[in-house]
Amino acid sequence: MRHLYVSAALLPFLMVMPAHAETIRHEAADAPVKTAGATAHREKVFSTGVAKGRDLLDSAISASSLGGDVVPKLSARSLADVLRNVPGIRTEGSFGDGNSNYTIRGLPLTSGGSKFMQIQEDGLPVLEFGDLFNASSDTFIRYDQNIGSIEAVRGGSASTFASNSPGGVINLISKTGEEEGGAIEVSTGVDYGEKRLDFEYGGKMTDTLRYHFGGFYRSGEGVRNIGFNGVKGGQLKFNVTKTLPNGYIRLSGKYLDDRSPWYFTVPVKISGTPDKPTFENFNNFDVRQDTLLSRNIPTFTSLDRNNLPSVVSTSNGMHAKVKSIGLEAQFDIAGWTITERGRISGIGGSIGRAQISNVFAGNALPATLGAGAGTLTYASGPLRGQTITNPASLNGNGLIVQTLANRLDIKSLNYFANDLRATRSWNVGEGSLTLTGGVYHSSQDVDTDWYYETYNQDLLGDGRSSLIDFTNAAGVAQTQDGVTGYSLNGASGLYRRAYDVNYDITAPFASANYKIGKLAIGGSLRYDLGQVRGQLYGSDLGGGRVGLGSYDFNSDGKISVAEAKTAFLPTGSPAPVHYDYKYVSYSAGANYRVAEPLSVFARYSRGARAGADKILFSSTTGVSSVTGDLLSKGTGYDLVKQLEGGFKFRKADMTLNATAFLANTEDTNIQSGGGAQPERKYRSYGAEIEASVRKGPFSVFGSMTYTHAEILSDTANPVLAGMTPRRQPKFIFSATPQFETKYATVGANIIANTWSYSHDNNQTALHQPGYVIVGAFAQVPVTENLQVMVNVNNLFNKMAFYELNQTAIPANGIGWGRAFNGRTISASARLSF
């Protein structure tokens, strides 16, 4: 019952909130306008994850929408901050602008990214797989003023109207020029270093031709102290729509070139008991504001795909580069509505991070290196070459961090996706029958290189950390410019890899929906066929392939201790990847419109998610490094079976939606933080409530999700059966109240989780405390066209953690985890015209 004060405080508040119009704002292009009696209003047409756009109260799905005017009030600093306000979705942000973790309704989050939930842009996936190693979908998409709304489908028809998304679909929908006008907005971090310019404009060129374009540019240090300009770049997007007598055709394009820091785990002092841990900052380092990134560590060195030295800039962080062109068309022909969406994207860049391997007391480091007593000296920064005479008091905390520097060099994540479907309705008996058929095809490249280096650095915030050298008592340097090994941990060639693989998917699908009076019954079917072809290079593939070796990086004719720990790629002996898979997904549901403002529904679904790059290097549960085929047919995909039911209530100024759910899931994955690759089965059940109200100048919207999740079985560690998965809280809350007058609009955004286990073995796992994070905003209309706004993320500067790496209270009090960003304040001015 721990931390249920959160639910006690917020549950009554949420239960009385009918929905504000802002929670369901998007109306699909060219959607019809319908009225209902004296209280005429537009039906809210929902188009994501369904055969045909329709009013949500006539659809047997659980779905939500956020309007573009809502998002600025959420004090969001990333897409993850936005999506944590969607019911049922659990996000683990604080990484920065990408590579956050997402899951839905308790589906497993064994590793990073969003395995069972797909992120889309205008109805097509950003990437086919949302959990690629260190390159998840949200890295290559940005929320800006081009977005008109965000639609979210949880479970249900997402299994059959999109591939690889059995848990749900999040769709960012662009503005298309229906409304004439635009805006320019300038914003700045008040207490952090970032300047940003946003712009957008749309309208009609002729009666049948409209357009929209926009984008942003930004620069600065970012929301944490890193000591250098880590944020730089922007985005341009456009679309042009031609309306025809029987439909429309739309051309769209996007250019994204943006880099931002990747914030990873940081050291924290842990004490107390496993069920009541306490956390404190170490001296001169704040887990909410600081990182291991530093201006004194500008580069690291590793070997490239050809085993030649490459100097990597740490300032690149997550560097996303996307060029895409898309075509969308819809026509009515002989009673059929034909819809075509296609997009081709050139995706590249690089992704770098600094991840903790271990944290030592400074006077314990020599013994840890197995070298006895010795000498520590600065290897970079303003004190380079100086001896550290008292390691125990270094920076007031006496700590040295062994850091894994990693870069993913993206040769190609190029992606093509096309969805073609046809829909027609007939009057059958006293009802209406709607049939839909279509085919989806995609081609996803995964051509990436992994670079690693391990080095020592002191623990000092504000971007001032420096590399540390160690020389043993015999005068032999155990490090080289702070580097302990040109590999992961220096122990083996683990994760020294290169991928060159293509995933080709073809998926025909069909659905039928029959509506008679207040009752609608429907079902859908999808058949995914996948071909995976390519090759792998890796010193951890086995079969006599190269692991650790030596390389003279400084060209002094000698091999140092660090240079003797260099990981090589076996360039002459790649492993093949050559396998096929296929699976069937289906979904069936019923919806009953009890009254104009109320409907009830139920749905059962069976979907799946194909395995991507995380099954390729497993010698037990993945792909054979000899034949390239699956080691067992079942590892090509993971099944998700879901049962859900609930009700939707909507009036002019209120909405209340509630859904109960049950899900059984298979997952073959790499365990977060490394280690085994288990095959697991999970079960989760619970309920989600979404509600909001507008009463005069006051309005509020929010949600609550209750989830009970359980590991049913684990092939690698059977003792985990019956345990609650790591980092899965029982309750997740969000609420955004606001008060609006002609002079100003003020409000807050509240996000809360109850406690969870830090690891899967609940009997020994450290408890991860719950939290309440409060944001605040104020909007002031200076003139009719000019508005200024201030918003605050983490108003009370709460110390809270998404992730803790320790399984118990450490004896020395030294731990590390991934913390929420601290308080950040931004100010903006928006000129509309």
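Numbering (my numbering) for the sequence shown: 305 to 1137.
Every residue gets a Cβ at the ideal spot worked out from N, C-alpha and C, and that includes glycine.
Quick caveat: nothing in here was measured; it's all calculated off a predicted structure.
query, result
"Does the Cβ-Cβ distance between E970 and L947 come in under 8 Å?", "no"
"With DSSP as the reference, label G341 as helix, strand or coil.", "Summary for G341: the model assigns pLDDT 33, below 50, so the residue's position carries little reliability; its value from the coordinates is reported in the next sentence. Three-state result, G341: coil."
"Let me confirm a value: Y1047 is counted as buried when at least 16 other C-beta atoms fall within 10 Å, else exposed. Which label applies?", "exposed"
"Let's see if you can read the secondary structure: which residues bound the alpha helix (DSSP H) around T672?", "L669 to T672"
"Does the Cβ of A340 have 16 or more other Cβ atoms within 10 Å, making it buried, or fewer, making it exposed?", "Caution applies to A340, whose pLDDT of 32 falls short of 50 and renders its modelled position unreliable; the value that the coordinates give is listed next. So A340 counts as exposed."
"Taking contact to mean at least 3 C-beta pairs separated by less than 8 Å, is the segment 573-581 in contact with the segment 763-775?", "no"
"Of all the CB atoms in chain D, is at least one closer than 8 Å to the CB of F664?", "Any reference to chain D falls outside this structure, which holds one protein chain only."
"Comparing alpha-carbon positions, which option in R1134, V535, S864 and I1113 lies nearest G779?", "S864"
"Near S747, what residues of its chain come up, given a Cβ to Cβ distance below 6 Å and the 5 sequence neighbours on each side ignored?", "F720 and D808"
"Ignore the nearest five residues each way along the sequence and tell me which others in S661's own chain have a CB closer than 7 Å to its CB.", "Q706, T707, L708, T758 and N793"
"What is the rounded straight-line gap between the Cα of L540 and the Cα of K558?", "6 Å"
"My output table needs one value for D804: the three-state DSSP class, helix, strand or coil.", "strand"
"Distance, Cα to Cα, G846 vs L378?", "49 Å"
"Check whether the Cβ atoms of G950 and A964 sit closer than 8 Å, and answer yes or no.", "yes"
"Would you give the residue range spanned by the alpha helix (DSSP H) that V386 belongs to?", "L383 to L387"
"Look at the alpha carbon of V1173 and the alpha carbon of F1100, and state the distance between them as a whole number of angstroms.", "Shown here, the chain extends from 305 to 1137; a query on residue 1173 therefore has no answer."
"Take the Cβ of D511 as the centre, count every other Cβ of all protein chains shown within 10 Å, and call the residue buried at 16 or more, exposed below.", "exposed"
"Taking a contact to mean a Cβ-Cβ separation below 8 Å, would you say R514 touches G507 in this structure?", "yes"
"Whose C-beta lies closer than 6 Å to the C-beta of A1104 among residues of the same chain, with five residues either side of it excluded?", "Y1075 and F1124"
"Classify N694: buried if its beta carbon has 16 or more other beta carbons within 10 angstroms, exposed otherwise.", "exposed"
"What are the boundary residues of the beta strand (DSSP E) that includes Y552?", "G551 to S564"
"Does the distance from the C-beta atom of I477 to that of L387 stay below 8 Å?", "no"
"Report the residue from F921, A1039 and R1031 whose alpha carbon sits nearest the alpha carbon of L1070.", "R1031"
"Per DSSP, what kind of secondary structure is N699 in: helix, strand or coil?", "helix"
"Within 10 Å of its beta-carbon, does S1136 have 16 or more other beta-carbons around it, so buried, or fewer, so exposed?", "exposed"
"Alpha carbon to alpha carbon, how far is T875 from D713?", "17 Å"
"Going by the CB atoms, is the gap between I408 and G460 shorter than 8 Å?", "no"
"Count the other CB atoms within 10 Å of the CB of S859; is the residue buried (16 or more) or exposed (fewer)?", "exposed"
"Can you confirm whether the segment 925-935 touches the segment 882-889 when touching is taken to mean that 3 or more C-beta pairs between the two stretches lie within less than 8 Å?", "yes"
"Using the C-alpha atoms, what's the distance from K627 back to F604?", "28 Å"
"Provide the residue span of the beta strand (DSSP E) that contains I408, from first to last.", "N405 to I408"
"My output table needs one value for L597: the three-state DSSP class, helix, strand or coil.", "coil"
"Got a sec? Which residues, its chain only, sit under 6 Å from Q784 by beta carbon, not counting five neighbours each side?", "S864 and A866"
"Would T464 and Y890 be called neighbours here (beta carbons separated by less than 8 Å)?", "yes"
"Considering only the beta carbon of each residue, do P571 and L703 sit closer than 8 Å?", "yes"
"Does the segment 358-367 come into contact with the segment 424-437, if we say contact requires no fewer than three beta-carbon pairs (one atom in each stretch) closer than 8 Å?", "no"
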